[in-house]
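Just so we're aligned, residue 686 is where the sequence shown starts under the numbering used here, counting upward by one.
Working notes, structure below.
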Amino acid sequence: MPGGNYTVIKPAKGTGGGMMQQRVPDAPSSWLAYVEVNDITAATQKAKSLGAKIVMDVMELPGIGWMSIFIDPTGATLALWKPASA
686 MPGGNYTVIK PAKGTGGGMM QQRVPDAPSS WLAYVEVNDI TAATQKAKSL
736 GAKIVMDVME LPGIGWMSIF IDPTGATLAL WKPASA
């Protein structure tokens, strides 16, 4: 991933994931769930229309895919993901 090392966890079957070193000094460790969507722009706008605060609008990771991050009205943070191959 640009700007840091990202390790992809790709099991033969089931849900995968990834991890990277914390990029903010002295910040606590955290988890961020990603949900794969077909239309990331529409899904991001739908979240916003339902009251979510967009923390990071749709961003392309060249050759990898697109992502966005939002905080829902209850305070939960969630990322949306659209892989380049889908």
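The C-beta atom is built at its ideal place from N, Cα and C for all residues, glycine as well.
The structure displayed is predicted, hence computed values, not measured ones.
Less than 9 Å divides the Cβ of Phe755 from the Cβ of Leu765. Inside the stretch 700–768, DSSP marks whole alpha helix (DSSP H) runs of 4 or more residues at positions 725–734, from first to last along the chain. Burial is judged here by how many other beta carbons sit within 10 angstroms of a residue's own beta carbon; Ile694 has fewer than 16 and is exposed. CA-to-CA, the gap between Lys733 and Lys767 works out to about 17 Å. About 7 Å separates the beta carbons of Pro758 and Ala737, which is inside the 8 Å limit, making them a contact pair. Of the candidates Leu735, Val722, Ile749, Leu717, Leu717 places its Cα closest to the Cα of Gly702.
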